[in-house]
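Residues in the sequence shown are numbered consecutively from 0, following numbering that gives the first Met the number 0.
Don't be surprised by glycine CBs; every beta carbon is placed ideally from N, CA and C.
This report concerns only the one structure given below.
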Amino acid sequence: MRKLTNEELNRLSVEEFKKTSKTPVVVILDNVRSLNNIGSVFRTSDCLGIERICLCGITATPPNKDIHKTALGATESVDWKYYANTMEAINELRASGYTIAAIEQVEQSISLQNFEPKANERYALVFGHEVNGVDQQVVDACDISIEIPQVGTKHSFNISVSAGIVLWDIFSKLNFCK
């Protein structure tokens with residue numbers, strides 16, 4: 000077994016990436032405070048061809064050296080927009096036909112393994128603050144809630160880990176399980 004070189008990976012340029020069709024998902028970061036988490040979400044979104052990221056409330060925006068540290072340039076390839084309030088992003092996306100889903104532990108949530116994204120729908124996934132999660136007002140405005148099953152004592156993943164798990168699951172269901 001030999002590790003592939005970067006040239007053998009046939010990576011797209013930023014310009015080429017911008018022209019490709021995207022996974023019909025928008026990520027909403029609801030008051031995420033960690034710059035490293037924000038950067039990690041950008042990098043994961045690039046890898047999975049996510050449409051764009053909505054940075055809301057206290058969530059920092061590029062350019063920022065600490066975001067760049069984990070994003071590794073993904074802030075250039077993934078489209079993003081800042082909103083002073085998460086509800087502004089939700090209202091705009093709902094008006095554009097997105098199904099809004101909180102990634103949160105709530106009553107009547109759908110377990111991630113049971114969530115079946117529809118190929119003809121577009122989704123906006125809300126990931127929340129590292130300690131407080133998705134704000135209750137935002138949860139109330141969502142169409143559904145998706146929960147990642149867990150068995151440990153902590154009852155939560157880091158937000159960048161949650162984004163990676165959920166985005167990969169939806170990406171794979173839309174692209175490989177047809």
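Contiguous beta strand (DSSP E) elements confined to the segment 141-171 occur at 143-146, taking only those with 3 or more residues.
The beta carbon of residue 77 sits closer than 8 Å to those of 41, 44, 45, 49, 51 and 52, all from its chain and outside the five residues before and after it, given in chain order. One Cα belongs to residue 149, the other to residue 110, and the distance between them is close to 10 Å. When DSSP states are grouped into helix, strand and coil, residue 133 belongs to the coil group. Ranked by Cα distance from residue 124, the options 69, 137, 35 and 113 are led by 137. Judged by DSSP secondary structure, residue 98 falls outside any alpha helix (DSSP H) and instead within the beta strand (DSSP E) spanning 97-102.
Residue 22 carries a strand assignment under DSSP once its states are collapsed to helix, strand and coil. Nearest neighbour of residue 170 by Cα position, chosen from 21, 66 and 9, turns out to be 21. Taking C-beta atoms under 8 Å as the contact rule, residue 36 and residue 159 qualify, at a distance of about 4 Å. Inter-residue distance for residue 166 and residue 0 is about 29 Å (C-alpha atoms, whole angstroms). Residue 94 is classed as exposed because its beta carbon has fewer than 16 other beta carbons within 10 Å across all chains shown.
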